[in-house]
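Participant:
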Amino acid sequence: MYLAAWFLVVLALAAGPARAADSRPRIAQARLGGQEDLPLAEWARANGLQVRWLKRDEALQLNGRGQVVELTIDSRESQVNGVAVWLSFPVLERGDTAYLARLDAESTLRPVLFPTTTKARARLASICLDPGHGGKDPGLCVGPNQEKKYTLLLAKELRQQLERSGIATTLTRTSDVFVDLEARPELAARRHADLFVSLHFNAAEIGRQTVQGAQVFCLTPPGASSTNARGESGGGAGWFVGNRNNDQNLLLAYQLQRALLRELGVQDRGVRRARFAVLREATMPAVLIEAGFMSHPVEGRKIFTAAYRQRLARAILHGILAYKHALEPGPAEAPH
């Protein structure tokens with residue numbers, strides 16, 4: 534008898550948390566665009582945000598907890614605290630209800646608005662910089678100016694600034710040599726880097742007089758399409774090693790783009806997603822920065838000067854430090 538009573542108590546204790554979990558408010562789901570979608574207003578309320586229409590049936594704003602997000606119906610473009618961040622799926626409207634893809638709620642907005650803060654995640658002792666191209670691969674060319682030259686110069690300048698800030702820094706190449714794409718994140722892993730940052734410059738084939746600005750890429754989440762598939766090769770839309778760090782990848786890309794906009798005043802080409810080889814196999818948080826257009830008559834001339842590359846490096850440094858700070862637990866969150 535006593536044994537049976539004890540057994541019932543154990544069952545009750547075990548079932549208690551499950552009942553508590555079941556009693557939490559749940560957000561209804563719909564399947565509108567081929568993926569799971571959440572009513573935007575419900576998701577916002579559950580996260581302490583308010584929703585208002587900026588223009589009925591066209592544009593909405595979420596705000597609260599010091600955050601402002603602007604979304605457009607039938608578009609993947611969004612603004613998060615003034616920074617362009619591309620969604621994986623467009624925001625949809627059915628009847629009077631706007632819907633946000635669950636994947637974007639969990640893998641795009643949440644990592645930026647509500648980053649998980651722990652000392653382990655904020656650890657930043659070593660960074661691996663990856664100067665794009667090199668050797669037989671010149672990268673993009675504008676007249677005699679080859680991308681491989683300026684990515685290496687930027688990497689060397691950034692290494693100096695990072696090391697002055699107390700962060701050990703290594704490069705995937707230190708001279709004009711060719712390094713296989715797959716070997717670059719492998720080098721970062723062997724060197725126990727906490728972050729992997731690949732440095733590139735852009736060039737436009739059409740609209741060279743007008744196309745300019747910076748954009749930062751991080752790995753596309755499984756099941757989503759990239760915002761730029763140029764340079765991707767194989768693998769499809771599945772899961773890669775780099776997807777282990779989806780949240781940190783996105784937060785790092787966001788903080789870097791934010792710093793580039795704030796400190797250089799460049800045109801905002803947004804935080805974007807791609808399955809580039811150097812991002813797919815990275816075992817640590819990783820991004821690829823397209824720091825400007827060599828083909829633009831003004832921005833290009835700046836890129837070719839040491840003074841501007843110094844400013845670029847400083848902005849990237851500040852973006853990395855902002856990422857680290859965003860992941861550090863505050864006084865109320867500090868472990869006891």
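Counting in our numbering, the sequence shown runs from 534 upward without gaps. For glycine and all other residues, C-beta sits at the position ideal for the given N, C-alpha and C.
#1: Does the ligand MG have even one heavy atom less than 8 Å from the beta-carbon of Trp576?
#2: Counting C-beta neighbours from all protein chains within 10 Å, is the total for Arg627 16 or more, i.e. buried, or is it exposed?
#3: How big is the Cα-Cα spacing for Gly567 and Leu620?
#4: For the alpha helix (DSSP H) holding Ile822, just list the boundary residues, first then last.
#5: Roughly how far, in whole angstroms, is the beta-carbon of Leu687 from the beta-carbon of Arg842, given that I think they are within contact range, below 8 Å?
#6: What residues are listed by DSSP as bridge partners for Asp637?
#7: Assuming Gly667 contacts Phe711 under a Cβ cut-off of 8 Å, what Cβ separation, rounded to an integer in Å, is found between them?
#8: If you check the beta carbons only, do Leu785 and Pro818 fall under 9 Å apart?
#9: With a threshold of 8 Å, are at least 3 pairs of Cβ atoms found where one atom belongs to the stretch 746-763 and the other to the stretch 809-826?
#10: Give the secondary structure of Ile853 by DSSP, where H, G and I count as helix, E and B as strand, and everything else as coil.
#11: Which word fits Asp590, buried or exposed, when buried means at least 16 other C-beta atoms lie within 10 angstroms of its C-beta?
#12: Counting only runs that start and end within the stretch 623-674, where is the alpha helix (DSSP H) found for 4 or more residues in a row?
#13: Around the Cβ of Pro664, are there at least 16 other Cβ atoms within 10 angstroms (buried) or fewer (exposed)?
#14: Among Val804, Leu573, Ala792 and Asn778, which has the Cα closest to the Cα of Asn761?
#15: Could you tell me the distance, in whole angstroms, from the CA atom of Ala500 to the CA atom of Lys857?
#16: Please go through the same chain and pick out, in chain order, the residues whose beta-carbon is closer than 8 Å to the beta-carbon of Ala638, but skip the five residues on each side of it.
#17: Nearest to Asp713 by CA position, among Val811, Gln600, His725 and Gly676, is which residue?
#18: Looking only at its chain, what residues have a beta carbon closer than 7 Å to the beta carbon of Pro754, apart from the 5 residues adjacent to it on each side?
#19: From Glu661 to Val624, what distance separates their C-alpha atoms?
#20: How should Ile700 be labelled, buried or exposed, when 16 other C-beta atoms within 10 angstroms of its C-beta is the threshold for buried?
#21: Among residues of its own chain, excluding the 5 on either side of Val774, which ones have a beta-carbon nearer than 8 Å to its beta-carbon?
#22: Just to confirm the assignment, what range does the alpha helix (DSSP H) spanning Gly833 have?
#23: Do Thr702 and Ser659 have their beta-carbon atoms positioned less than 9 Å apart in this structure?
Facilitator: This is what the structure holds:
#1: The ligand MG is absent from the structure shown, which contains no ligands of any kind.
#2: exposed
#3: 15 Å
#4: Where Ile822 is concerned, there is no enclosing alpha helix (DSSP H), although the beta strand (DSSP E) it sits in stretches over Ala819 to Phe826.
#5: 5 Å
#6: DSSP output for Asp637 lists no bridge partner at all.
#7: 5 Å
#8: yes
#9: yes
#10: helix
#11: exposed
#12: 643-646 and 652-655
#13: buried
#14: Val804
#15: Here the chain has residues from 534 to 869 only, and residue 500 is not among them.
#16: Leu571 and Trp576
#17: Val811
#18: Ser621, Leu636, Ser640, Asn776 and Asn779
#19: According to the sequence displayed, residue 661 carries Cys and not Glu. Cα to Cα, Cys661 sits roughly 36 Å from Val624.
#20: buried
#21: Arg813, Glu814, Ala815 and Thr816
#22: Glu832 to Ile836
#23: yes
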